[in-house]
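Input: a single structure, listed below in C-alpha coordinates.
Here is the structure:
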(Lines of atoms letter the chains of each structure in order from A and count residues from 1; the text may use other names and numbers.)
(Lines give C-alpha, C1' and ligand atoms only; values in the text may rest on other atoms or scores of the structure.)
Protein backbone atom coordinates (compact mmCIF):
# COMPACT_ATOMS: atom_id res chain seq x y z
CA UNK A 1 0.00 0.00 0.00
CA UNK A 2 2.88 2.38 0.77
CA UNK A 3 4.21 1.87 -2.76
CA UNK A 4 0.80 2.62 -4.31
CA UNK A 5 0.41 5.82 -2.26
CA UNK A 6 3.93 6.94 -3.15
CA UNK A 7 3.31 6.38 -6.84
CA UNK A 8 -0.04 8.18 -6.66
CA UNK A 9 1.64 11.20 -5.05
CA UNK A 10 4.33 11.18 -7.75
CA UNK A 11 1.66 11.22 -10.45
CA UNK A 12 -0.22 13.98 -8.61
CA UNK A 13 2.89 16.17 -8.40
CA UNK A 14 3.57 15.60 -12.10
CA UNK A 15 0.04 16.63 -13.05
CA UNK A 16 0.13 19.69 -10.80
CA UNK A 17 3.30 20.88 -12.52
CA UNK A 18 1.42 20.66 -15.82
CA UNK A 19 -1.15 23.10 -14.50
CA UNK A 20 -4.05 20.66 -14.57
CA UNK A 21 -7.20 22.04 -12.93
CA UNK A 22 -8.23 20.83 -9.43
CA UNK A 23 -11.40 19.26 -10.86
CA UNK A 24 -9.39 17.15 -13.31
CA UNK A 25 -6.93 16.20 -10.57
CA UNK A 26 -9.81 14.91 -8.46
CA UNK A 27 -11.19 12.88 -11.38
CA UNK A 28 -7.77 11.40 -12.08
CA UNK A 29 -7.26 10.48 -8.43
CA UNK A 30 -10.68 8.80 -8.35
CA UNK A 31 -9.92 6.87 -11.51
CA UNK A 32 -6.53 5.73 -10.19
CA UNK A 33 -8.18 4.45 -7.00
CA UNK A 34 -10.83 2.65 -9.06
CA UNK A 35 -8.14 1.00 -11.23
CA UNK A 36 -6.07 -0.15 -8.24
CA UNK A 37 -9.10 -1.54 -6.42
CA UNK A 38 -10.46 -3.15 -9.58
CA UNK A 39 -7.21 -5.01 -10.20
CA UNK A 40 -7.28 -6.57 -6.75
CA UNK A 41 -10.84 -7.74 -7.34
CA UNK A 42 -10.84 -8.74 -11.00
CA UNK A 43 -7.34 -10.25 -11.07
CA UNK A 44 -7.76 -12.28 -7.90
CA UNK A 45 -7.16 -15.51 -9.85
CA UNK A 46 -3.71 -14.31 -10.99
CA UNK A 47 -1.02 -16.21 -9.07
CA UNK A 48 1.50 -13.36 -8.78
CA UNK A 49 0.15 -9.81 -8.92
CA UNK A 50 2.79 -7.15 -8.29
CA UNK A 51 2.40 -3.69 -6.79
CA UNK A 52 0.52 -0.98 -8.63
CA UNK A 53 -1.19 -3.23 -11.22
CA UNK A 54 -4.38 -1.52 -12.46
CA UNK A 55 -7.54 -2.45 -14.37
CA UNK A 56 -9.79 0.05 -16.09
CA UNK A 57 -13.02 -1.95 -16.12
CA UNK A 58 -13.24 -5.71 -15.83
CA UNK A 59 -11.03 -8.05 -17.92
CA UNK A 60 -11.94 -11.64 -18.73
CA UNK A 61 -9.54 -13.96 -16.89
CA UNK A 62 -9.48 -17.77 -16.98
CA UNK A 63 -6.46 -19.20 -15.18
CA UNK A 64 -5.90 -22.94 -14.86
CA UNK A 65 -2.10 -22.57 -14.94
CA UNK A 66 0.22 -19.84 -13.65
CA UNK A 67 -0.14 -16.12 -14.36
CA UNK A 68 2.29 -13.38 -13.34
CA UNK A 69 1.67 -9.66 -13.88
CA UNK A 70 4.42 -7.15 -13.11
CA UNK A 71 4.41 -3.83 -11.30
CA UNK A 72 2.40 -0.87 -12.66
CA UNK A 73 0.92 -2.74 -15.61
CA UNK A 74 -2.47 -1.45 -16.82
CA UNK A 75 -5.22 -3.55 -18.44
CA UNK A 76 -7.63 -1.19 -20.18
CA UNK A 77 -10.96 -2.90 -20.89
CA UNK A 78 -12.74 0.34 -21.74
CA UNK A 79 -14.88 -0.84 -24.69
CA UNK A 80 -14.45 -4.62 -24.70
CA UNK A 81 -12.58 -6.72 -22.13
CA UNK A 82 -8.94 -7.68 -22.22
CA UNK A 83 -8.91 -11.51 -22.31
CA UNK A 84 -6.25 -13.53 -20.49
CA UNK A 85 -6.50 -17.32 -20.59
CA UNK A 86 -3.96 -19.80 -19.26
CA UNK A 87 -4.37 -23.59 -19.60
CA UNK A 88 -3.46 -26.25 -17.07
CA UNK A 89 0.32 -26.40 -16.65
CA UNK A 90 0.93 -23.26 -18.75
CA UNK A 91 2.79 -20.09 -17.76
CA UNK A 92 1.74 -16.57 -18.77
CA UNK A 93 4.15 -13.78 -17.79
CA UNK A 94 3.46 -10.07 -18.26
CA UNK A 95 6.23 -7.68 -17.23
CA UNK A 96 6.32 -4.32 -15.47
CA UNK A 97 4.87 -1.04 -16.77
CA UNK A 98 2.99 -2.69 -19.63
CA UNK A 99 -0.10 -1.19 -21.27
CA UNK A 100 -2.63 -3.66 -22.64
CA UNK A 101 -5.50 -2.04 -24.51
CA UNK A 102 -9.11 -3.10 -24.94
CA UNK A 103 -9.98 -6.21 -26.92
CA UNK A 104 -6.53 -7.77 -26.58
CA UNK A 105 -6.71 -11.57 -26.38
CA UNK A 106 -3.82 -13.60 -24.95
CA UNK A 107 -4.28 -17.37 -25.13
CA UNK A 108 -1.60 -19.38 -23.34
CA UNK A 109 -1.46 -23.18 -23.45
CA UNK A 110 2.27 -23.60 -22.72
CA UNK A 111 4.27 -20.38 -22.31
CA UNK A 112 3.86 -16.74 -23.27
CA UNK A 113 6.25 -14.09 -21.98
CA UNK A 114 5.72 -10.34 -22.41
CA UNK A 115 8.61 -8.12 -21.32
CA UNK A 116 8.64 -4.86 -19.39
CA UNK A 117 7.22 -1.64 -20.84
CA UNK A 118 5.42 -3.27 -23.75
CA UNK A 119 2.49 -1.53 -25.42
CA UNK A 120 -0.21 -3.71 -26.99
CA UNK A 121 -2.86 -2.04 -29.14
CA UNK A 122 -6.60 -2.74 -29.32
CA UNK A 123 -7.90 -6.08 -30.63
CA UNK A 124 -4.47 -7.68 -30.91
CA UNK A 125 -4.05 -11.44 -30.40
CA UNK A 126 -1.10 -13.32 -28.90
CA UNK A 127 -1.18 -17.13 -28.91
CA UNK A 128 1.21 -20.05 -28.46
CA UNK A 129 -0.88 -22.63 -30.37
CA UNK A 130 -3.23 -22.49 -33.38
CA UNK A 131 -5.73 -24.38 -31.16
CA UNK A 132 -6.86 -26.71 -34.00
CA UNK A 133 -4.89 -29.20 -36.07
CA UNK A 134 -5.10 -28.61 -39.83
CA UNK A 135 -6.38 -32.15 -40.50
CA UNK A 136 -7.98 -33.04 -37.16
CA UNK A 137 -10.02 -30.10 -35.90
CA UNK A 138 -10.71 -31.87 -32.59
CA UNK A 139 -6.98 -32.05 -31.83
CA UNK A 140 -5.08 -29.13 -30.33
CA UNK A 141 -1.41 -28.89 -31.39
CA UNK A 142 1.20 -28.65 -28.64
CA UNK A 143 2.04 -25.10 -27.61
CA UNK A 144 5.25 -23.33 -28.57
CA UNK A 145 6.87 -20.68 -26.40
CA UNK A 146 5.94 -17.18 -27.64
CA UNK A 147 8.17 -14.35 -26.40
CA UNK A 148 7.78 -10.60 -26.67
CA UNK A 149 10.88 -8.92 -25.30
CA UNK A 150 11.10 -5.57 -23.50
CA UNK A 151 9.92 -2.22 -24.92
CA UNK A 152 8.00 -3.73 -27.84
CA UNK A 153 5.16 -1.67 -29.32
CA UNK A 154 2.41 -3.74 -30.94
CA UNK A 155 -0.18 -1.80 -32.93
CA UNK A 156 -3.90 -2.45 -33.19
CA UNK A 157 -5.31 -5.70 -34.62
CA UNK A 158 -1.95 -7.49 -34.73
CA UNK A 159 -1.74 -11.30 -34.60
CA UNK A 160 1.35 -12.78 -32.94
CA UNK A 161 1.49 -16.43 -33.90
CA UNK A 162 2.84 -19.43 -31.94
CA UNK A 163 6.58 -19.82 -31.37
CA UNK A 164 7.48 -16.26 -32.39
CA UNK A 165 10.06 -14.10 -30.60
CA UNK A 166 9.79 -10.33 -31.07
CA UNK A 167 13.06 -8.61 -30.20
CA UNK A 168 13.65 -5.74 -27.80
CA UNK A 169 12.53 -2.30 -28.90
CA UNK A 170 10.68 -3.46 -32.00
CA UNK A 171 7.50 -1.98 -33.46
CA UNK A 172 4.78 -4.10 -35.09
CA UNK A 173 2.50 -2.15 -37.43
CA UNK A 174 -1.28 -2.19 -37.32
CA UNK A 175 -2.90 -5.32 -38.78
CA UNK A 176 0.33 -7.28 -39.10
CA UNK A 177 0.46 -11.07 -38.76
CA UNK A 178 3.77 -12.05 -37.14
CA UNK A 179 4.72 -15.58 -38.21
CA UNK A 180 8.53 -15.41 -37.82
CA UNK A 181 11.01 -14.02 -35.30
CA UNK A 182 11.55 -10.25 -35.36
CA UNK A 183 15.08 -8.95 -34.68
CA UNK A 184 15.57 -6.30 -32.01
CA UNK A 185 14.96 -2.66 -32.99
CA UNK A 186 13.00 -3.63 -36.11
CA UNK A 187 9.83 -2.12 -37.55
CA UNK A 188 7.66 -4.77 -39.20
CA UNK A 189 4.32 -4.73 -40.96
CA UNK A 190 2.14 -6.62 -43.40
CA UNK A 191 0.73 -10.12 -43.85
CA UNK A 192 2.93 -11.94 -43.15
CA UNK A 193 4.97 -9.33 -41.27
CA UNK A 194 8.23 -8.23 -42.90
CA UNK A 195 10.93 -5.77 -41.86
CA UNK A 196 10.23 -2.31 -43.27
CA UNK A 197 12.62 -0.24 -41.17
CA UNK A 198 15.29 -0.41 -38.46
CA UNK A 199 15.45 1.77 -35.35
CA UNK A 200 18.55 3.42 -33.87
CA UNK A 201 19.33 1.73 -30.50
CA UNK A 202 21.26 4.82 -29.33
CA UNK A 203 18.09 6.93 -29.40
CA UNK A 204 16.16 4.74 -26.97
CA UNK A 205 15.42 6.15 -23.52
CA UNK A 206 16.02 3.32 -21.06
CA UNK A 207 15.76 3.04 -17.27
CA UNK A 208 19.05 3.23 -15.32
CA UNK A 209 20.95 -0.05 -15.34
CA UNK A 210 18.72 -1.59 -18.00
CA UNK A 211 20.10 -4.34 -20.20
CA UNK A 212 18.15 -5.73 -23.20
CA UNK A 213 20.08 -9.00 -22.75
CA UNK A 214 18.14 -9.96 -19.62
CA UNK A 215 16.64 -13.43 -19.36
CA UNK A 216 13.22 -13.63 -21.04
CA UNK A 217 12.70 -17.32 -20.12
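Numbering (the numbering used here), first residue to last: 9 to 225.
We put the CB at the ideal spot given by N, CA and C, even for glycine.
For the 8 Å CB-CB criterion, residue 158 and residue 134 do not form a contact. Residue ranges of uninterrupted alpha helix (DSSP H) with 4 or more members are absent from the region 40 to 97; none lies entirely inside it. Using a 10 angstroms sphere on the CB of residue 146, the tally of other CB atoms stays under 16, which defines it as exposed. The Cβ-Cβ distance between residue 142 and residue 169 does not fall below 8 Å. Contact check for residue 164 and residue 129: beta-carbon distance about 4 Å, within the 8 Å limit, so the pair qualifies.
Here DSSP, grouped into helix, strand and coil, assigns residue 210 to helix.
Residue range 113 to 116 is occupied by the beta strand (DSSP E) that includes residue 115. Taking the C-beta atoms as reference points, residue 120 is found no nearer than 8 Å to residue 106. Membership of residue 101 in the beta strand (DSSP E) is indicated by the continuous run 99 to 102.
Listed in chain order, the non-local C-beta contacts of residue 113 below 6 Å within the same chain comprise 91 and 133, local neighbours out to five positions each way being set aside. The criterion of a C-beta distance shorter than 8 Å is not satisfied by residue 177 and residue 201.
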